[in-house]
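**Student:** The structure is given below, and queries will be raised subsequently.
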Amino acid sequence: MQKNNSFDMLILGGSYAGLSAALALGRSLRQVLILDSGTPCNRQTPHSHNFLTQDGETPAAIAQKARTQVLQYPTIQFHSGTASWGKKTAEGFEIGTEAGETFSTQKLIVATGIRDLLPPIPGFADCWGISVIHCPYCHGYEFRNCPTAIMANGERAFHLASLVRNLTDTLTIFTSGRSEFSPEQRARLSAHGIEIIETPLSEIVHQNGSIRKVIFEDGREQALEAMYAAVPFEQSSPIPEMMGCELTDSGHLKTDLFQKTTVTGIFACGDGASMMRSVANAVATGSMAGAMTHKELIDAHF
Ligand SMILES: Cc1cc2nc3c(=O)[nH]c(=O)nc-3n(C[C@H](O)[C@H](O)[C@H](O)COP(=O)(O)OP(=O)(O)OC[C@H]3O[C@@H](n4cnc5c(N)ncnc54)[C@H](O)[C@@H]3O)c2cc1C
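This is how it looks when you write it as structure tokens:
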């Protein structure tokens, strides 16, 4: 660890967004610490798709390759650990870990992502990222023409249905309660042969995460191979909020086009700061955050 544990930039979260920020900073000779707890949100998914040059790779292989490339820059350090607190100081910020370490930094980049709050339906967590999926661009192609469901309601379900119907003719929406579609939406769903089932699910029957069928609370069953689910989420780390960073109505860290949060000196990138949830977007916003933190230090001293 660098003398005094003091850095130009500290990056909280060392997955795709954090590593991308670090790459721009290593190439700018910045002293950087990446602090990472090792639990990216896509860790259970067998293959990651829709990121150019890495389509079909495992999530871990993409991250490992990124880490190897980033750590070739001698001013970058990667430290395994979980940040548990943060505070503003006269020089910048201080971050502490669960292990009791303290690091100081001039600029802070938050790349800690989001935590999905999975419903307690038996089988749901086992299938998450394998056959219970969040995004048609990431996993829809693999389930094209398969019996598919969407577990969501209202606008979100309608939007997903319009995308997923392009991939399969056999599509059902599970609203898990009274459906919230307008008469016009209901008519359009019906015109595309999309059935709506309001009865909540009681179980997802699967084999190693691959759905075989779902069982409803009234005992009915439906064979299925894939289910899209819009689940609620929370910020993986409460630290940015504790330090005063504002959230958007959707629960993401509020940032401008340069990934600046509402607190001077704190930048945010990746899933925690964007509704567009993809590796490509995490890398793009991370790269911007890296460049812009560097620019702030340049502007202060040049
Ligand atoms: C199941 C699933 C499958 C997906 N499949 C695809 C796909 O096929 N293609 C695609 O493009 N996208 C996919 N995505 C989306 C993609 O995984 C995310 O957009 C991407 O991982 C976001 O990167 P990130 O760096 O912002 O966050 P993450 O990858 O989630 O990483 C956040 C990092 O921060 C660390 N961290 C959190 N809190 C702390 C703390 N307090 N201290 C230190 N470290 C901390 C975590 O350990 C983690 O390493 C999928 C998402 C899910 C949930």
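The C-terminal residue of the sequence shown carries number 632 in the working numbering, and the numbering is unbroken. Where is the CB? At the ideal position from N, CA and C, for every residue including glycine.
#1: Does the Cβ of Thr-578 lie closer than 6 Å to at least one heavy atom of ligand 1?
#2: Measuring CA to CA, which of Ile-460, Phe-511, Ile-569 and Pro-452 is closest to Ile-596?
#3: Label Gln-447 either buried or exposed according to how many other C-beta atoms from any shown protein chain fall within 10 Å of its C-beta, with 16 as the threshold for buried.
#4: Identify the residues that DSSP records as bridge partners of Leu-577: which are they?
#5: Compare the C-beta of Arg-508 with all C-beta atoms of chain D and state if any pair is closer than 7 Å.
#6: Rounded to whole angstroms, what's the CA-CA distance from Met-605 to Pro-466? Just pull it up for me.
#7: Can you say whether Met-331 is buried or exposed, counting buried as having 16 or more other CB atoms within 10 angstroms of its CB?
#8: Taking the continuous beta strand (DSSP E) assigned at His-409, which residues delimit it?
#9: If I measure Cβ to Cβ from Tyr-346 and keep anything under 6 Å in the same chain, skipping five residues before and after, which residues do I get?
#10: Per DSSP, which one or two residues make a beta bridge with Thr-502?
#11: For Gly-416, which beta-bridge partners are listed by DSSP?
#12: Using a Cβ distance threshold of 8 Å, determine whether the region 449 to 464 contacts the region 577 to 587, with at least three qualifying pairs required.
#13: What residue from Pro-530, Asp-456 and Ser-617 has the CA that sits closest to Glu-547's CA?
#14: Where does the unbroken beta strand (DSSP E) through Leu-447 begin, and where does it stop?
#15: Compare the beta carbon distance of Ile-439 and Ala-619 with 7 Å and say whether it is the shorter of the two.
#16: In this structure, how does DSSP classify Thr-615 when only helix, strand and coil are distinguished?
#17: Only counting the same chain, and skipping five residues up and downstream in sequence, which positions put a Cβ closer than 7 Å to that of Ala-352?
#18: Closest to Asn-475 by CA distance: which of Ile-463, Gly-539, Thr-500 and Ala-491 is it?
#19: What is the C-beta distance between Met-573 and Lys-418, in whole angstroms, given that I count them as a contact (C-beta under 8 Å)?
#20: Quick test of your reading: Ala-354 and His-624, contact by CB under 8 Å. State the CB separation rounded to the nearest angstrom.
#21: Is the CB-CB distance between Glu-576 and Thr-592 below 7 Å?
#22: Going by the C-beta, is Leu-353 closer than 6 Å to any heavy atom of ligand 1?
#23: Any idea what DSSP makes of Phe-454, helix, strand or coil?
#24: So for Tyr-558, helix, strand or coil by DSSP?
#25: When we look at the beta-carbon of Ile-480 and count the other beta-carbons within 10 Å, is it buried (16 or more) or exposed?
#26: Apply the 10 Å Cβ neighbour rule to Gln-394 and answer buried if 16 or more other Cβ atoms are within range, or exposed otherwise.
#27: According to the Cβ coordinates, are Ser-486 and Ala-556 closer than 7 Å?
#28: Examine ligand 1 and report whether any of its heavy atoms sits within less than 6 Å of the Cβ of Phe-454.
**Tutor:** Taking the definition as stated:
#1: no
#2: Ile-569
#3: In the sequence under discussion, the amino acid at residue 447 is Leu, which differs from the Gln named in the question. The residue is exposed, with fewer than 16 neighbouring Cβ atoms inside 10 Å.
#4: Leu-583
#5: In the displayed structure, chain D is absent; only one protein chain is listed.
#6: 15 Å
#7: For Met-331, the pLDDT reaches just 48, beneath the cut-off of 50, and the residue's location in the model is therefore unreliable, leaving the point undetermined.
#8: 406 to 410
#9: Val-609, Ala-612 and Val-613
#10: Ala-479 and Glu-525
#11: Ile-425
#12: no
#13: Pro-530
#14: Element bounds for Leu-447: n/a, residue is neither H nor E.
#15: yes
#16: helix
#17: Ile-341, Val-362, Ile-364, Val-400, Ile-406 and Gly-620
#18: Thr-500
#19: 7 Å
#20: 7 Å
#21: yes
#22: no
#23: helix
#24: strand
#25: buried
#26: exposed
#27: Inspection of the sequence shows that residue 486 is occupied by Arg rather than by Ser. Cβ atoms of Arg-486 and Ala-556: not closer than 7 Å.
#28: no
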